[in-house]
Amino acid sequence: MYIDSSSYPLVRMSYERDKTQPMDRLLADFSALLDRGQAFVFYSDGDMSQEDRSPEERKQVVLWMKARRSQLKSLVRALVHAEPDAQKREQAQALAQMFGKAWGYPMLLVASTHEARERALELLESD
Numbered sequence: 631m632y633i634d635s636s637s638y639p640l641v642r643m644s645y646e647r648d649k650t651q652p653m654d655r656l657l658a659d660f661s662a663l664l665d666r667g668q669a670f671v672f673y674s675d676g677d678m679s680q681e682d683r684s685p686e687e688r689k690q691v692v693l694w695m696k697a698r699r700s701q702l703k704s705l706v707r708a709l710v711h712a713e714p715d716a717q718k719r720e721q722a723q724a725l726a727q728m729f730g731k732a733w734g735y736p737m738l739l740v741a742s743t744h745e746a747r748e749r750a751l752e753l754l755e756s757d
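Residues 631 to 757 in our numbering are what the sequence shown spells out, letter by letter.
In structure tokens:
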């Protein structure tokens with residue numbers, strides 16, 4: 631996974647294996663986004679199942695999430711994920727519900743990257 635914040639407050643997240651960043655870097659980038667104190671939205675595409683992290687990295691993420699829980703809930707409007715396959719999108723609904731409970735902000739599923747970006751903009755404009 632990597633985070634591209636060059637279009638902040640629209641923040642692109644991708645799951646391409648060849649662009650995967652170390653967990654320390656991802657959490658530092660994520661912390662920097664939260665430290666701005668402004669609402670933002672993630673939008674993403676790609677196969678989320680490619681994310682393969684060690685147990686130590688997963689523990690690191692959980693501890694980080696607990697420490698940043700209130701900021702996550704108040705500043706991140708959503709993760710809007712593009713999944714073009716309707717069947718996979720339907721299957722991902724269960725993940726989306728668990729995601730929202732764990733991270734404190736919703737995961738929304740749409741059919742295309744363009745739609746994900748548009749939905750992310752709508753969420754920001756509704757503030």
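In this text, a Cβ means the ideal position worked out from N, Cα and C, and glycines have one as well.
Note that the structure is predicted; figures quoted are calculated from it, not measured.
CB of residue i within 7 angstroms of CB of residue j, strictly
i	j	result
A712	A746	yes
P736	A708	yes
K649	Y673	no
A662	D757	no
K710	L754	It should be noted that the sequence gives Val, not Lys, for residue 710. Their beta carbons are not under 7 angstroms apart, which means V710 does not touch L754 by this criterion.
R647	D634	no
D682	T743	no
The ligand FAD heavy atom lying under 6 angstroms from the CB of residue i
i	result
S684	What this structure holds is no ligand at all, so the ligand FAD is not there to describe.
Assigned secondary structure, residue i (DSSP; H/G/I helix, E/B strand, else coil)
i	result
D634	strand
S742	coil
S756	coil
Assigned exposure category for residue i - 16 Cβ within 10 Å defines buried
i	result
R698	buried
D677	exposed
P639	buried
Closest residue to residue i among the options (Cα-Cα distance)
i	options	result
F660	L725, S742, L705 and R647	L705
G734	K703, Y645 and A658	K703
S700	Q690, K731 and E720	K731
L693	E752, D654 and E748	D654
L657	E720, K696, D675 and S636	K696
Counting only runs of 3+ residues fully inside the region 666-695, write out the beta strand (DSSP E) ranges in chain order.
670-675
Return the chain-ordered ranges of every beta strand (DSSP E) run that is complete within the region 709-743 and spans a minimum of 3 residues.
737-740
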